[in-house]
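K.L.:
Structure in structure tokens, see below.
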């Protein structure tokens, strides 16, 4: 398995392996490859120490599995190993990317490639987003590819935006978004400005496997400074982006004179400077920053986790600052500024932190209302679209049904939304808004991905407009439900770090009581239909096949109850989580009467199977 060791007699790596052989030829080969190829002293030392200490199970876990594309590209813990994010795996991924793009684009060397990064880092592995971005650039520069490498950290949305603006063939953002501080990632965008989907992801992985040994110049990060093919797009892209988002600014005069104050937290990430600029682009005074959180900090030292989706528990500093400053609205961007959380001070003195589904109802209402007021004379509502992932609220579907525009849902992950939006735009349709319930929003189509920067300033304009009507965001949400029907949802998750346990849970649901049989009820509530996109099954369809594409690499089962509740259980594509989603949708004339349903009590009812 290791080849002829006589070729490397005297090599310190081979001697180390020979003296500490694991007894597993496949593992020995993987160890030899790592110690031969890795030029990062800290990650190389991590593998050496595991080998010397006989920790073969951990060696196998780190070296005998490879990174795969999830809903947001490659994402894993930083550190040594072929299944982790580090210098070597990023070089390998970029080499594979180069091979695939070379096949796909004859003009690759003319159009170039975009590289952006956030501010994550890990001292113990000497691994940081800026360094990984430089190595990504070095691989491509060594092959004569022009690289648009941002000279400083940027929001994730800037990379897909730059890909389209610069007409590059593709782009990569080095980020792990809102994941824990130990993680990092490699997010890939295609020439259309959307995240890659199948078959590109599978073909890139094949190309990675074909060229895992680093090329001679792949480690030469000095190429970034010395190559004439390195270009810095920062000023051009930032200026163009800020100009483009003005297309979805409808009340600049109101914004300029509002007395409303806003607080913004960037969660120790990249968002501060860019949100400040976006507010100015809309005519606002810049929001009040949370001083402890406005500057990048890879340790995310003031929050237990850097995910604003966790709600009030991680927004404490911003809420206290807002109370001190007399601000009624708090906007929070996650570390790479592609997601947005919003909190509003209520009349009772308490803060309401809106869910992603609630914010989507507000954004959907706002974007359509603004379109109606400002549309061209020949604009047809039948050419208007909004989209959401299938696990998100169906409130947009209800608005679309009443207002006459189109609604579509996609598989989870904004990569599916972005690609579909591009198809719609290319066919002459107009897309106003798209979202995923995990606080990811796309207002307009300047960026074909979720964008926390533009969403933050749009929600500020919405709050400003409502304030002139003596209304609040919470009041308007109620009005939306009265008009289009109440949509009550519950979403949460269970942490599970064992893939075997996760597989066992879902296989049990597929063989519940007898082989190839799903549950027929949950407690007292009967199940009407089951959709399992992992295997392509949908009991509601005449041919029993799922309308949504089959997604074999992830687990997702949806149960539609007799009483109208729709509940989905799925694995996360970016974190070790089993997520659950449940929603009850009422007609406009219906009102909630307090009866408990599986949707209202998912922990004890809808997921008793766990």
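Numbering (the working numbering), first residue to last: 583 to 1192.
Every residue gets a Cβ at the ideal spot worked out from N, C-alpha and C, and that includes glycine.
1) DSSP on residue 939, reduced to helix/strand/coil?
2) Between the alpha carbons of residue 1194 and residue 949, how many angstroms are there, rounded?
3) Starting from residue 731 and walking both ways along the alpha helix (DSSP H), at which residues does that stretch end?
4) Going by beta-carbon coordinates alone, are residue 827 and residue 776 separated by less than 8 angstroms?
5) Evaluate residue 886 with the Cβ neighbour count: other Cβ atoms within 10 Å of its Cβ, from every protein chain shown; 16 or more gives buried, anything less gives exposed.
6) Grouping DSSP H, G and I as helix and E and B as strand, with all else coil, what is residue 707?
7) Given a cut-off of 8 angstroms on the beta-carbon distance, is the pair residue 919 and residue 853 in contact?
8) Shortest alpha-carbon distance to residue 817 belongs to which of 1069, 717 and 731?
9) Pull up the CB-CB distance for residue 1165 and residue 832, whole angstroms please, since I reckon it's below 8 angstroms.
10) Return the bridge partner residues of residue 1069 from the DSSP annotation.
11) Suppose you measure from the CA of residue 943 to the CA of residue 783; what does that come to, to the nearest Å?
12) Would residue 953 pass as a contact of residue 1014 if the rule is Cβ separation under 8 angstroms?
13) Could you tell me which whole beta strand (DSSP E) segments of length 3 or greater appear in the stretch 1042-1114?
14) Are the stretch 1073-1083 and the stretch 1144-1162 in contact at 8 angstroms, needing three or more beta carbon pairs?
15) Starting from the C-beta of residue 964, find all residues in its chain whose C-beta is less than 8 angstroms away, skip the five residues before and the five after it, and write them out in chain order.
16) Among the candidates 633, 795, 605 and 768, whose CA atom is the shortest distance from the CA of residue 719?
17) Would you kindly report the start and end of the unbroken beta strand (DSSP E) that includes residue 1017?
18) Please report the residue range of the beta strand (DSSP E) in which residue 766 lies.
19) Could you tell me the boundaries of the beta strand (DSSP E) in which residue 990 lies?
20) Pick out whichever of 969, 947, 844 and 984 has its Cα sitting closest to the Cα of residue 927.
21) Taking the alpha-carbon positions, what's the residue 765 to residue 960 distance?
22) Rounding to the nearest angstrom, what Cα-Cα distance links residue 788 and residue 849 in this structure?
23) What's the C-alpha gap between residue 774 and residue 1002?
24) Assuming residue 968 is part of the beta strand (DSSP E), what are its boundary residues?
25) According to DSSP, residue 755 sits in a beta bridge with which residue or residues?
26) The ligand FAD and residue 847: does the residue's C-beta get closer than 7 angstroms to at least one heavy atom of that ligand?
27) DSSP three-state call for residue 1230: helix, strand or coil?
28) Pair every Cβ in the stretch 629-649 with every Cβ in the stretch 741-751, then say whether three or more of these pairs are closer than 8 angstroms.
29) Buried or exposed for residue 881, please, with buried defined as at least 16 other CB atoms from any protein chain shown within 10 angstroms of its CB.
30) Give me the Cβ distance between residue 618 and residue 669, rounded to the nearest whole Å; I'm assuming they're in contact under 8 angstroms.
31) Suppose you measure from the CA of residue 1172 to the CA of residue 1058; what does that come to, to the nearest Å?
32) Which residue spans inside the stretch 806-886 form an unbroken alpha helix (DSSP H) run of at least 4?
33) So residue 911 is in the beta strand (DSSP E); what residue range does that whole segment cover?
34) Using the beta-carbon count (16 or more within 10 Å), is residue 798 buried or exposed?
35) Rounding to the nearest angstrom, what Cα-Cα distance links residue 781 and residue 686 in this structure?
36) Would you tell me roughly how many angstroms separate the C-alpha atoms of residue 900 and residue 865, rounded to the nearest one?
P.N.:
The short version:
1) As a working note, residue 939 is residue 357 in the chain shown. Of the three classes helix, strand and coil, the one that applies to residue 939 here is helix, per DSSP.
2) Outside the shown range of the chain (583 to 1192) lies residue 1194, about which nothing can therefore be said.
3) In the chain shown, counting from the first residue as 1, residue 731 sits at position 149. Under the DSSP assignment, residue 731 falls outside any alpha helix (DSSP H), being part of the beta strand (DSSP E) whose first and last residues are 729-731.
4) Taking the first residue of the chain shown as 1, we reach residue 827 at position 245. Taking the first residue of the chain shown as 1, we reach residue 776 at position 194. Taking a C-beta distance under 8 angstroms as the contact criterion, residue 827 and residue 776 do not qualify as a contact pair.
5) Here residue 886 corresponds to residue number 304 of the chain shown, with the count starting at 1. Flag for residue 886 reads exposed.
6) Walking along the chain shown from the start, residue 707 turns up at place 125. Here residue 707 sits in helix by DSSP.
7) As a working mapping, residue 919 is identified with position 337 in the chain shown. As a working mapping, residue 853 is identified with position 271 in the chain shown. A contact, by the Cβ cut-off of 8 angstroms.
8) Against the chain shown, residue 817 aligns to sequence position 235. Nearest C-alpha to residue 817: 731.
9) Numbered from 1 along the chain shown, position 583 holds the residue referred to as residue 1165. Numbered from 1 along the chain shown, position 250 holds the residue referred to as residue 832. No, residue 1165 and residue 832 are not in contact; Cβ-Cβ is about 30 angstroms, not under 8 angstroms.
10) Against the chain shown, residue 1069 aligns to sequence position 487. DSSP lists 1167 as partners of residue 1069.
11) The residue labelled residue 943 in the question sits at position 361 within the chain shown. The residue labelled residue 783 in the question sits at position 201 within the chain shown. The alpha-carbon atoms of residue 943 and residue 783 are separated by roughly 32 angstroms.
12) If you number the chain shown from 1, residue 953 lands on position 371. If you number the chain shown from 1, residue 1014 lands on position 432. Against a cut-off of 8 angstroms, the Cβ pair of residue 1014 and residue 953 comes out as a contact.
13) For the stretch 1042-1114, the continuous beta strand (DSSP E) assignments of 3+ residues that do not extend past its boundaries occur at 1069-1077 and 1107-1114, in sequence order.
14) As far as the Cβ criterion goes, the stretch 1073-1083 touches the stretch 1144-1162, which means the pair count is three or higher.
15) Taking the chain shown and counting its residues from 1, the one referred to as residue 964 is at position 382. Taking residue 964 as the centre and dropping the five residues before and after it, the same chain places the C-beta of 986, 987 and 988 closer than 8 angstroms to its C-beta, in chain order.
16) To locate residue 719, count along the chain shown from 1; it is residue 137. Cα-wise, what sits closest to residue 719 is 768.
17) Within the chain shown, the letter at position 435 stands for residue 1017. Note, residue 1017: beta strand (DSSP E), 1012-1018.
18) Locating residue 766 in the chain shown gives position 184, where the first residue counts as 1. Annotation for residue 766: the continuous beta strand (DSSP E) segment containing it runs 765-772.
19) The residue you call residue 990 lines up with position 408 of the chain shown. Per DSSP, residue 990 belongs to the beta strand (DSSP E) from 988-992.
20) Looking up residue 927 in the chain shown gives position 345. The shortest C-alpha separation from residue 927 is found at 844.
21) By 1-based counting over the chain shown, the position of residue 765 is 183. By 1-based counting over the chain shown, the position of residue 960 is 378. Straight-line Cα distance between these residues: approximately 49 angstroms.
22) Within the chain shown, residue 788 is the residue found at index 206, counting from 1. Within the chain shown, residue 849 is the residue found at index 267, counting from 1. Whole-angstrom Cα-Cα distance: 36 angstroms.
23) Residue numbering aside, residue 774 sits at position 192 when the chain shown is read from its first letter. Residue numbering aside, residue 1002 sits at position 420 when the chain shown is read from its first letter. A straight-line Cα-Cα distance of about 11 angstroms links residue 774 and residue 1002.
24) To locate residue 968, count along the chain shown from 1; it is residue 386. Run containing residue 968: 966-971, per the beta strand (DSSP E) assignment.
25) Position 173 of the chain shown, counting from 1, holds the residue named residue 755. Paired residues: 698 and 769.
26) Absence of the ligand FAD from the depicted structure is noted, as is the absence of any ligand whatsoever, leaving it without description.
27) What is shown of the chain runs 583 to 1192, which leaves residue 1230 out entirely.
28) With the cut-off at 8 angstroms, the stretch 629-649 and the stretch 741-751 do not touch.
29) By 1-based counting over the chain shown, the position of residue 881 is 299. Exposed.
30) As a working mapping, residue 618 is identified with position 36 in the chain shown. As a working mapping, residue 669 is identified with position 87 in the chain shown. The beta-carbon distance between residue 618 and residue 669, rounded to whole angstroms, is 14 angstroms. This is too long to meet the 8 angstroms contact definition.
31) Indexing the chain shown from 1 puts residue 1172 at position 590. Indexing the chain shown from 1 puts residue 1058 at position 476. One Cα belongs to residue 1172, the other to residue 1058, and the distance between them is close to 18 angstroms.
32) Within the stretch 806-886, the complete alpha helix (DSSP H) runs of at least 4 residues are 816-826, 834-839 and 853-863.
33) Position 329 of the chain shown, counted from the first residue, corresponds to residue 911. Per DSSP, residue 911 belongs to the beta strand (DSSP E) from 911-915.
34) On the chain shown, position 216 is the one that residue 798 refers to. Counting Cβ neighbours within 10 Å, residue 798 comes out exposed, since fewer than 16 surround it.
35) Your numbering for residue 781 matches position 199 in the chain shown. Your numbering for residue 686 matches position 104 in the chain shown. The alpha-carbon atoms of residue 781 and residue 686 are separated by roughly 12 angstroms.
36) Residue numbering aside, residue 900 sits at position 318 when the chain shown is read from its first letter. Residue numbering aside, residue 865 sits at position 283 when the chain shown is read from its first letter. Approximately 23 angstroms between the Cα atoms of the pair.
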